[in-house]
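Q: Sharing a structure, written as structure tokens. Questions coming.
Residue numbers (this note's numbering): 315 to 620.
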């Protein structure tokens, strides 16, 4: 029997990392039912029928809650490293990232309170949020460990200059060509909505209707070193829950003139072996349908503040 060792907390659910016989399979809790891992032989004999009971039996005895104003990779890695030192204890590692204002403070404190015993590892560059967390944690008698503060303060004193205090800044040791290669590989692997469970790693997410230029935009940004995923917006199809993995301010919706889109799609249809276009939609290149589609998508952008 395997144990649930760590997961990444995200707004849509839980990311579980299952460690079994040296192999790892990561799936979102909301996607377990449709996962290829589901079935009678789900993870060493644990089927979907008894999955809830199995989780209940293996609840962790200790929780490490990692809070970060950025992606939180450093804090999560340290949490996992610490958890690895306690093989006989069920250690559960949570990560709440992008805590750049007070909106997630209540979420963090409530989670820490509900999952006692718990320790908070925080790696904030935003002092105002750190102060709120420290105050609330002290009220609830939850121990906190500052991962970055002492280091930043020490370097700042030695150099005689203040640190920037901006989330997400990294000193890249890789050369420019390596960064571009990494970003390009990411764009190709996450084109057209692919591998949406990894959107949290993206610098940005670009969405738009078919033939609006999503892929070229992603490749252009990749040439600048940015990892960008894209998602095709379709009428009548709700956005995936995975969109909540990425900060809304990093989600960009492309707009295009209807007349230009008509031209693009007509060219696409002419180049397709199917008379109904590669998209399999009769209205794919229909002018009226395109106008209605763009109007609907732009209304969605406005509603979601994209």
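Quick reminder that beta carbons are idealized off the backbone N, C-alpha and C, glycines included.
On a predicted model such as this, the values are computed, not experimentally measured, just so you know.
For residue 559 versus residue 608, is the C-beta spacing smaller than 8 Å?
A: As a position in the chain shown, residue 559 is number 245, starting the count at 1. As a position in the chain shown, residue 608 is number 294, starting the count at 1. In this structure, residue 608 does not lie closer than 8 Å to residue 559 by Cβ.
Q: Who pairs with residue 544 in a beta bridge, going by DSSP?
A: Along the chain shown, one-based indexing puts residue 544 at 230. DSSP, once it has assigned bridges, lists 520 as partnering residue 544.
Q: Quick check: the region 493-506 against the region 461-477, are at least 3 beta-carbon pairs closer than 8 Å?
A: No, because fewer than three Cβ pairs between the region 461-477 and the region 493-506 fall closer than 8 Å, the two stretches do not touch.
Q: Can you check the region 412-455 for any beta strand (DSSP E) of at least 3 residues that lies completely inside it and give the ranges in chain order?
A: Here the runs fully enclosed are 432-437.
Q: So the beta strand (DSSP E) residue 566 belongs to, where does it begin and stop?
A: In the chain shown, the residue the question calls residue 566 occupies position 252. Residue 566 -> beta strand (DSSP E) spans 565-567.
Q: Is it right to say residue 465 is buried, meaning 16 or more other beta carbons lie within 10 angstroms of its own, or is it exposed?
A: Numbered from 1 along the chain shown, position 151 holds the residue referred to as residue 465. Its Cβ having fewer than 16 others within 10 Å, residue 465 is exposed.
Q: Could you check whether the region 511-522 touches the region 417-431, counting it as contact only if at least three pairs of C-beta atoms, one from each stretch, sit closer than 8 Å?
A: Contact fails: fewer than three Cβ-Cβ distances are below 8 Å.
Q: Using only alpha-carbon positions, find the residue among 390, 606 and 463 that is nearest to residue 478.
A: Position 164 of the chain shown, counting from 1, holds the residue named residue 478. When each option's Cα is compared against that of residue 478, the closest is 463.
Q: Taking the Cβ atom as the reference point for each residue, do residue 435 and residue 378 lie within a distance shorter than 8 Å?
A: The count along the chain shown starts at 1 and reaches residue 435 at position 121. The count along the chain shown starts at 1 and reaches residue 378 at position 64. Going by C-beta atoms, residue 435 is nearer than 8 Å to residue 378.
Q: Put residue 620 into one of helix, strand or coil per three-state DSSP.
A: On the chain shown, residue 620 is found 306 positions in, with the first residue counted as 1. Residue state, collapsed to three classes: coil.
Q: Once you ignore the five residues that flank residue 429 on each side, which residues in its own chain have a CB closer than 6 Å to its CB?
A: Position 115 of the chain shown, counted from the start, is the residue given in the question as residue 429. The residues are 377.
Q: Output the boundary residues of the beta strand (DSSP E) element that contains residue 376.
A: Here residue 376 is taken as the residue at index 62 of the chain shown, counted from 1. 376-382 is the extent of the beta strand (DSSP E) around residue 376.
Q: Ends of the alpha helix (DSSP H) at residue 502?
A: The residue given as residue 502 occupies position 188 in the chain shown. Residues 490-503.
Q: Hey, how far is the Cα of residue 449 from the Cα of residue 481?
A: To locate residue 449, count along the chain shown from 1; it is residue 135. To locate residue 481, count along the chain shown from 1; it is residue 167. The alpha-carbon atoms of residue 449 and residue 481 are separated by roughly 21 Å.
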